[in-house]
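Student: Numbering (our numbering), first residue to last: 4 to 784. Glycine is no exception: its CB is placed at the ideal position from the N, C-alpha and C atoms.
(1) What three-state label does DSSP hand residue 661 in the structure shown?
(2) Measure how close the beta-carbons of residue 321 and residue 290 come, nearest whole angstrom, since I'm counting them as under 8 Å.
(3) Taking its Cβ as the centre, do 16 or more other Cβ atoms sit within 10 Å of residue 468, making it buried, or is it exposed?
(4) Do you know offhand how far residue 496's Cα is from residue 564's?
(5) Nearest CA to the CA of residue 245: which residue from 368, 300, 284 and 282?
(6) With DSSP as the reference, label residue 386 as helix, strand or coil.
(7) Quick check on the burial criterion: 16 or more other C-beta atoms within 10 angstroms. Buried or exposed for residue 360?
(8) Which residue comes first and which comes last in the alpha helix (DSSP H) that contains residue 477?
(9) Closer than 7 Å by C-beta to residue 584: which residues in its own chain qualify, once you throw out the five before and the five after it? Chain order, please.
(10) Please report the residue range of the alpha helix (DSSP H) in which residue 772 lies.
(11) Should the region 191–199 be regarded as contacting the region 271–286, the criterion being three or more beta carbon pairs within less than 8 Å?
(12) Taking only three categories from DSSP, how would you classify residue 546?
(13) Run through DSSP, which three-state label would residue 562 get?
(14) Pick helix, strand or coil for residue 97, following the three-state DSSP scheme.
(15) Use the C-beta contact count for residue 119: other C-beta atoms within 10 angstroms, 16 or more gives buried, fewer gives exposed.
(16) Return the CA-CA distance between residue 572 and residue 517, expressed in angstroms with no decimal places.
(17) Which residues bound the beta strand (DSSP E) around residue 733?
(18) Within the same chain, show all residues whose beta-carbon is closer than 6 Å to that of residue 587, passing over the 5 residues directly before and after it, in chain order.
(19) What is the DSSP secondary structure of residue 464, counted as helix, strand or coil?
(20) Does the Cβ of residue 783 have 16 or more other Cβ atoms within 10 Å, making it buried, or fewer, making it exposed?
(21) Do three or more CB pairs link the region 211–218 to the region 259–266 at distances below 8 Å?
(22) Could you say which of 515, 682, 688 and 743 lies nearest to residue 1 if we only look at CA atoms?
(23) Below 6 Å CB to CB, which residues in the same chain sit around residue 488 once its five sequence neighbours on both sides are set aside?
(24) According to the neighbour-count rule (16 or more other Cβ atoms, all chains shown, within 10 Å of its Cβ), is residue 257 buried or exposed?
(25) Could you check whether the region 547–565 touches the region 455–475, counting it as contact only if at least three pairs of C-beta atoms, one from each stretch, sit closer than 8 Å?
(26) Determine the direct distance from the alpha carbon of residue 417 to that of residue 317, and round the result to whole angstroms.
(27) What's the gap between the Cα of residue 771 and the Cα of residue 781?
(28) Please report the Cβ distance between residue 403 and residue 365, rounded to the nearest whole angstrom; I am assuming they are in contact, meaning their Cβ atoms lie under 8 Å.
(29) Taking residue 398 as the reference, which of 406, 719 and 392 has the closest Cα?
(30) Just to confirm before moving on: does the CB-CB distance between residue 380 and residue 548 stay below 8 Å?
(31) For residue 370 versus residue 285, is the C-beta distance shorter than 8 Å?
(32) Give a yes or no on whether the C-beta atoms belonging to residue 685 and residue 754 are separated by under 8 Å.
(33) May I ask which residues mark the beginning and end of the alpha helix (DSSP H) holding residue 743?
(34) Would you call the CB atoms of residue 426 and residue 461 closer than 8 Å?
(35) Helix or strand or just coil, what does DSSP make of residue 287?
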């Protein structure tokens, strides 16, 4: 049997004949002789399927190919081994590139032959090497080696005579890289062709007739499942405008998922746009969305009706609902709000100190509390919530919690059995993975991997509080709504004053009650005093306004002289703990009012004659100097600086002032230029919207242009923030005509309808509105 191995030899012509060889994959057959292994040869080339001339080379694990007498010979797959072997001896040498290279070795290689082919006397060397037979990535060991394989002496003898024939054979075998010979501009031309084809698909699809389909997928679900309301628009990819009719008992998501596609169907290009809304039913039955209209490119298109059938929940849905209820129960145990009311019932107008407590389980990965708890219940009012007090390691139901407490003042505003509850939002760290099947963040551990913050709503149970009305029998006539327990006192700042001087009377309340709702007690009118309006001051619990001291200060002016008596102050309140009324009064105060001195007008006083100017003596008897100077009547200051230097120094601050003035004017001019640019931009957009028939852009540009002009007219700092109501109020201040204001209000109302209510823009005539807008803008100056 012949050896199952094959050898491809490719010779290259150089100053000396070198043979570059490659061992291919041998068939697993046992050879007759065991030649030495050629482990020192380089890695084989990768060659899967190429064509040499007209001879295809399939994977070379089962084929033979070599050069004999300069002609390509295809041996085909080895179905049966050849009967004999052709043995050629090659002397292989290797250059030493460094000291690590092993010494030269000799080996013999076996070349299988075919019985029908003559034994080759020569193997033609090739001038060039096929680029398709380039070596794959070498290892580090092979990359530092250079192999030289010198042919036998008898091969060198016949090499020169056959060199030209080998060159022709080489040209036959050469197969260059397609990417190397492919011109650079042709590649760009190919990409441009593909781009034009894609645009032609899109444009041709856009020009086709628009067709709209709608359906529920799936069309039949159980009560606990969800469906998708899908709208498919064929023939365009523009964003439509419209609103889906509301169906009682069926909830649709507000943000749809959008999908655009372009394709060929039977050689015809087609484009489409899909809008998917998530649908969740609240009850069993059939839900039908009737026909409704969509606006696409300024034209109205009808959306066909779609029906969803909701069946009763099956066993799997019931199990799912039970698991969801269990999940909600776990959530209520992990985070909940507790409201603490000191009393079971309250009286109308009564204020008590209550507490709102937020319990957070320590194993719950809470990052922060988003906001303080919000009240649900119109029958009560609470004071503003400040920063809470935190308490850790609170044990409740064998679990450790962190408790955040807000102390508030609770006031009852409506009688009857009223409900009160609170809710807040917390941020919880969850994992970015599938997690539990019901998306429960409490069964995922966010500390083992990357996570995200998720907002969870925490609510309290409904608290029912009975609110009673204070009894009407035995109510004092001067009762003004004070509920609580109080002590009263009064004081004055002066006991003796002159006629016309004010007296300050201070009335003080101490205790517990609804201080925020207590008005100032009335003082009985008198002909002896004039009582002014009181001033308020409170000191105590600022959070609840429930406990502390409140003072009312009156300014009393006596109207006549003599011994006058300030009357007592009467005060009544209702005690909720004893459920009865109490009346108290302060002591009266006696004041002495003096008549005062007679006032004389200083303008009528006699004026004394001006004395003559005294003569100044020439000498001074008390002068200590031997030779005093002469006396003068006026002093003349001497100038220490020259006028040129003085005025030169004054030019420095003057030039600085002028520089600042110029910079300020440039800054104002820059703001004016920015406003002018915005006006031009809005005006240009109005014209473009008219040509493109874009109603939304037209009204948005018109409103922006009105804002700029009105802001410039009224010198508003931020005209872009003006609302329609503010624009109308500023226009009315300029005394414009009523018809002009009505037309402007009509256009602004259309702007707001399209911006906020998403009104129907197909019924709007852009040309008429544009002419009306131009007339309005010309009148705004």
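Tutor: Judging by the given coordinates:
(1) Correct three-state label for residue 661: helix.
(2) With 8 Å as the limit, residue 321 and residue 290 do not qualify as a contact, their Cβ atoms being about 22 Å apart.
(3) It is buried - the Cβ of residue 468 has at least 16 other Cβ atoms within 10 Å.
(4) Spanning the alpha carbons of residue 496 and residue 564 requires a straight line of approximately 18 Å.
(5) Comparing Cα-Cα distances from residue 245 to each of 368, 300, 284 and 282, the minimum goes to 300.
(6) Residue 386 falls in the coil class under three-state DSSP.
(7) Residue 360 should be labelled buried.
(8) That residue, residue 477, is in no alpha helix (DSSP H); it is neither H nor E in DSSP.
(9) Once the five neighbours on either side are set aside, the close Cβ partners of residue 584 are 477, 478, 479, 482, 575 and 577.
(10) Run containing residue 772: 769–782, per the alpha helix (DSSP H) assignment.
(11) These segments do not touch.
(12) When DSSP states are grouped into helix, strand and coil, residue 546 belongs to the coil group.
(13) Coil at residue 562, not helix or strand.
(14) Note on residue 97: pLDDT 37, under 50, position unreliable in the model; no value is reported.
(15) No answer about residue 119 holds up, because its pLDDT of 37 lies below 50 and its placement is not dependable.
(16) A direct Cα-to-Cα measurement between residue 572 and residue 517 gives close to 19 Å.
(17) Not the beta strand (DSSP E): residue 733 falls in the alpha helix (DSSP H), residues 727–736.
(18) Answer for residue 587: 491 and 574, listed in chain order.
(19) DSSP places residue 464 in coil when its eight states are reduced to three.
(20) Within 10 angstroms of the beta-carbon of residue 783 lie 16 or more other beta-carbons, which makes it buried.
(21) Cβ pair count under 8 Å is below three, so no.
(22) Residue 1 cannot be examined here, being either before or after the span of the chain that is shown, 4 to 784.
(23) Cβ neighbours of residue 488 beyond the five flanking positions: 514, 515 and 578.
(24) By the neighbour-count rule (16 or more Cβ atoms within 10 Å), residue 257 is not buried but exposed.
(25) Counting Cβ pairs under 8 Å, fewer than three are found: no touch.
(26) Using only the alpha carbons, I get a separation of about 46 Å.
(27) Looking at the backbone, the Cα of residue 771 and that of residue 781 are separated by about 16 Å.
(28) Rounded, the Cβ-Cβ distance is 5 Å, consistent with contact.
(29) Of the listed residues, the one whose Cα sits closest to residue 398 is 406.
(30) Remark: C-beta atoms of residue 380 and residue 548 do not approach each other more closely than 8 Å.
(31) No, the pair does not count as a contact, with Cβ atoms beyond the cut-off.
(32) Annotated as distal: residue 685 and residue 754, with beta-carbon spacing of 8 Å or more.
(33) Per DSSP, residue 743 is one residue of the alpha helix (DSSP H) stretching across 741–755.
(34) Yes, these two residues count as a Cβ contact at 8 Å.
(35) Three-state DSSP puts residue 287 in coil, outside helix and strand.
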